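Peer 1: One structure, pasted below without further comment.
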Amino acid sequence: MIKKYIKQLLYKGGLKLKLVSFVFISIFLAISVQNYFIIPFIKKSIEQKAFEVSFTTIEHISDFSSFALLERTYENRLSLNDTIEKLKESHLDGLLGIAIYQRQKDNQKNYFQYIAGFGDKVKKLPLEPSLLERLQKAKDEKVTYETYTIQNGKEKIETYRFVKPIFYHYEGKNILLGFTLLYYDKKAISKIIDQVLDYIYTIAFVILLLATLYVYFIGTRVTKPLLAITEASSEITKGNLDIHLDVHTNDEIQNLANHFNTMVAWLREKNKLQKFVSNSTVNMIKNSSNEPSRLGGEHREMTFLFSDIRNFTSLNEKKRPQEVINIVNCYFALQAKIIKKNGGDIDKFIGDEIMASFGGEDATNNAIKSAIEIQQEIRKENIIRNDKNETICHVGIGISQGKVIVGNVGYNEHMDYTAIGLAVNMTSRLCSAAKEGEIIIDKKTFTNASYACEYSLTKPLTLKGISNHVTAYSISTKEKQDDI
């Protein structure tokens, strides 16, 4: 069920989904690659900036601290406190606090005492021996830093701890007066990075959303006419040619739709033209569609049926043209329907005459059956037309079987796919010899048939173009011949 739904979804909007997916994945990959290279760069830049601020701050505080540690006057201590207070009020991001320690001496033993600073989390933190040992060995006032973890209850704060020794130069010697500690929260750096990422992801989301909507509407513009063309093509396969695409996209799709409409118009014309040619001609064209049309033919064994409307000339003289055409079409339609039903093919209409052909093992049986049904249906139709005071007609039918040449006749510019030979001529002559409502078939053809019907032998017929007399049978239509 899900597979079928997905397949239907892809069929209905597969191109649109592919376009949206392509744009989405492209932008997503672009942002991912960008983040992969840019985020480390941003992090490094922020760290460098944080270090620069921390170095500058600790240097500045240490300069003020050196006077307070050396002279130890009230004024110097007050000046140091003012500087620390200003720094505290500046609210530098990430600066947790500063601690200034002064070197003291008690009973020949040195220790360091906290004298100033700010930051509740960093005040009077224990000084580990390794730090004091490094300070004792320090020979200059170079600022160093290290990673330091502040244990604040259950909370652990990861920081960078900057250390600045404070020396007094006396008689070529450096005397350690104290040192300054500055604590910088690592989270401040990650916080900035998180903010940058938030901006990047927000912008990326907006771009993705806008791009997706844009591609969706563009995809709709593209796929909607394509789906219309697809549905129209499906209708054509069902035989529906009453189709016209109205596409105005001003691009290749509109050009495609215009060509499609041209093709449909051509198919409609072809469908109309098909009514003017026989099924055998259509089949011949289909079977040789990949080959050029050439003059020529082949031998085939076929049965032919000719049906001619009697007294058509006098009818033509008495009636108006449109009325004559309507009468002829009425009887032609009746006969053609029966012939097609029994597997026959209307080769052509010749004035008031129908030329039909039958192929296959039951060709003659089908021709006889068609002829009988035609005469029966014409009698029924004549009764109806007579009741309506409309003109009635009768037909004479001839049937014959034989080997003929079937192929393209004419010249290169105009060809007619038809059959020629003695059997065709024989059928035409038998049709001319048949009376109103009569069916005449030559003896050889009737003997080879197996259709059960009543018949009677006619007198030997002298037919035009046939050297010998022709023995023929008149087939009964099994219904009483009513004079109408």
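When we follow our numbering, the leftmost residue of the sequence shown carries the number 444, and every step to the right adds one.
The C-beta atom is built at its ideal place from N, Cα and C for all residues, glycine as well.
Remember, predicted model here, so these are calculated numbers, not experimental data.
What does a CB cutoff of less than 8 Å around F498 pick up in its chain, not counting 5 residues either side in sequence?
Peer 2: Here residue 498 refers to the residue found at position 55 of the sequence shown. These residues qualify, in order along the chain: V586 and F605.
Peer 1: Which of the three DSSP states is assigned to R763 in this structure?
Peer 2: Reading the sequence shown from its first residue, position 320 is the one you call residue 763. DSSP places R763 in the coil class of the three-state scheme, outside both helix and strand.
Peer 1: Comparing alpha-carbon positions, which option in I842, I661, P608 and S910 lies nearest I782?
Peer 2: Here residue 782 refers to the residue found at position 339 when the sequence shown is read from its first residue. Comparing Cα positions, the closest option is I842.
Peer 1: Consult DSSP for D751 and reduce its assignment to one of helix, strand or coil.
Peer 2: Within the sequence shown, the letter at position 308 stands for residue 751. Three-state result, D751: strand.
Peer 1: Under the three-state reduction of DSSP, which class applies to G787: helix, strand or coil?
Peer 2: As a position in the sequence shown, residue 787 is number 344, starting the count at 1. In this structure, G787 counts as coil in the three-state DSSP scheme.
Peer 1: With the cut-off set at 8 Å, would you say T623 and I541 are in Cβ contact?
Peer 2: Here the question's residue 623 lines up with position 180 in the sequence shown. Here the question's residue 541 lines up with position 98 in the sequence shown. Cβ distance < 8 Å, so T623 and I541 count as in contact.
Peer 1: Whose C-beta lies closer than 6 Å to the C-beta of L462 among residues of the same chain, with five residues either side of it excluded?
Peer 2: Stepping through the sequence shown from its first residue, residue 462 is reached at position 19. These residues qualify, in order along the chain: V658 and G662.
Peer 1: Nearer than 7 Å: is that true of the beta carbon of L568 relative to any heavy atom of the ligand PLP?
Peer 2: Of ligands this structure carries none, so the ligand PLP is not represented either.
Peer 1: Consult DSSP for E796 and reduce its assignment to one of helix, strand or coil.
Peer 2: For this step, residue 796 is matched to residue 353 along the sequence shown. Here E796 sits in strand by DSSP.
Peer 1: Would you mind giving the Cβ-Cβ distance between I811 and Y894, rounded to the nearest angstrom? I have them listed as a contact below 8 Å.
Peer 2: The residue given as residue 811 occupies position 368 in the sequence shown. The residue given as residue 894 occupies position 451 in the sequence shown. Yes, I811 and Y894 are in contact; Cβ-Cβ is about 4 Å, under 8 Å.
Peer 1: Only counting the same chain, and skipping five residues up and downstream in sequence, which positions put a Cβ closer than 7 Å to that of E582?
Peer 2: Counting from one through the sequence shown, the residue named residue 582 turns up at place 139. Per the sequence presented here, residue 582 reads as Lys, with Glu not at that position. Hits under 7 Å: N617.
Peer 1: Would you report the Cα separation of K907 and T861, rounded to the nearest angstrom?
Peer 2: In the sequence shown, residue 907 corresponds to position 464, counting from 1. In the sequence shown, residue 861 corresponds to position 418, counting from 1. Taking the straight line joining both Cα atoms gives about 21 Å.
Peer 1: Expressed to the nearest angstrom, what Euclidean distance is found between the alpha-carbon atoms of I789 and V690?
Peer 2: The residue given as residue 789 occupies position 346 in the sequence shown. The residue given as residue 690 occupies position 247 in the sequence shown. Each residue's alpha carbon lies about 41 Å from the other.
Peer 1: Please list, in chain order, all residues of the same chain as Y611 whose beta carbon is under 6 Å from its beta carbon, the five residues on each side excluded.
Peer 2: Within the sequence shown, the letter at position 168 stands for residue 611. Counting only Cβ-Cβ distances below 6 Å, and skipping sequence neighbours, we find L513, I618 and L620.
Peer 1: Just how far apart, CA to CA, sit Y520 and H503?
Peer 2: Residue 520 sits at position 77 when you count from the first residue of the sequence shown. Residue 503 sits at position 60 when you count from the first residue of the sequence shown. The sequence shown places Arg at residue 520, not Tyr. CA-CA distance, R520 to H503, rounds to 15 Å.
Peer 1: Please report the straight-line C-alpha distance between M745 and T905, rounded to a whole angstrom.
Peer 2: For the purposes of this step, residue 745 is identified with residue 302 of the sequence shown, where counting begins at 1. For the purposes of this step, residue 905 is identified with residue 462 of the sequence shown, where counting begins at 1. C-alpha separation (whole angstroms): 23 Å.
Peer 1: Would you kindly work out how many angstroms separate the C-alpha atoms of K634 and L539, rounded to a whole number?
Peer 2: Sequence index remark: in the sequence shown, residue 634 carries index 191 (1-based). Sequence index remark: in the sequence shown, residue 539 carries index 96 (1-based). L539 has its alpha-carbon roughly 14 Å from the corresponding atom of K634.
Peer 1: Give the C-beta separation of K629 and Y603 to the nearest angstrom, bearing in mind that I take them to be a contact with Cβ-Cβ under 8 Å.
Peer 2: As a position in the sequence shown, residue 629 is number 186, starting the count at 1. As a position in the sequence shown, residue 603 is number 160, starting the count at 1. Contact flag correct, Cβ pair sits at about 7 Å.
Peer 1: Any contact between the region 758-773 and the region 864-875? By contact I mean 3 or more CB pairs, one from each, below 8 Å.
Peer 2: no
Peer 1: Does the pairing of the region 820-831 with the region 769-782 give three or more beta-carbon distances under 8 Å?
Peer 2: Touching, per the Cβ criterion.
Peer 1: Near T901, which residues of its chain fall below 6 Å by C-beta distance, leaving aside the five closest residues on each side in sequence?
Peer 2: Within the sequence shown, the letter at position 458 stands for residue 901. Hits under 6 Å: A915 and S917.
Peer 1: Beta-carbon separation of T807 and T920 under 8 Å?
Peer 2: Stepping through the sequence shown from its first residue, residue 807 is reached at position 364. Stepping through the sequence shown from its first residue, residue 920 is reached at position 477. Their beta carbons are not under 8 Å apart, which means T807 does not touch T920 by this criterion.
Peer 1: In this structure, how does DSSP classify K580 when only helix, strand and coil are distinguished?
Peer 2: As a working mapping, residue 580 is identified with position 137 in the sequence shown. Three-state DSSP puts K580 in a helix.
Peer 1: Rounded to whole angstroms, what is the Cα-Cα separation between S505 and Y554?
Peer 2: Here the question's residue 505 lines up with position 62 in the sequence shown. Here the question's residue 554 lines up with position 111 in the sequence shown. Between S505 and Y554, the C-alpha separation is close to 19 Å.
Peer 1: Would you say G802 reaches chain B, if we count a Cβ-Cβ gap shorter than 8 Å as a contact?
Peer 2: Note that chain B does not occur in the displayed structure, where there is just one protein chain.
Peer 1: Take K580 and list the residues in its own chain whose beta-carbon comes closer than 8 Å to its own, dropping the five residues that flank it on each side.
Peer 2: Indexing the sequence shown from 1 puts residue 580 at position 137. Excluding positions up to five away in sequence, the list is empty.
Peer 1: Provide the residue span of the alpha helix (DSSP H) that contains D641, from first to last.
Peer 2: Sequence index remark: in the sequence shown, residue 641 carries index 198 (1-based). From DSSP, the alpha helix (DSSP H) with D641 extends over K629 to T680.
Peer 1: Considering only the beta carbon of each residue, do E741 and G850 sit closer than 8 Å?
Peer 2: For the purposes of this step, residue 741 is taken as residue 298 along the sequence shown, with counting starting at 1. For the purposes of this step, residue 850 is taken as residue 407 along the sequence shown, with counting starting at 1. With respect to G850, E741 sits close: the two C-beta atoms are nearer than 8 Å.
Peer 1: Please classify S573: is it buried, with 16 or more other beta-carbons within 10 angstroms of its beta-carbon, or exposed?
Peer 2: The residue labelled residue 573 in the question sits at position 130 within the sequence shown. Residue environment: S573 is assigned as exposed (fewer than 16 neighbouring CB atoms within 10 Å of its CB, all protein chains considered).
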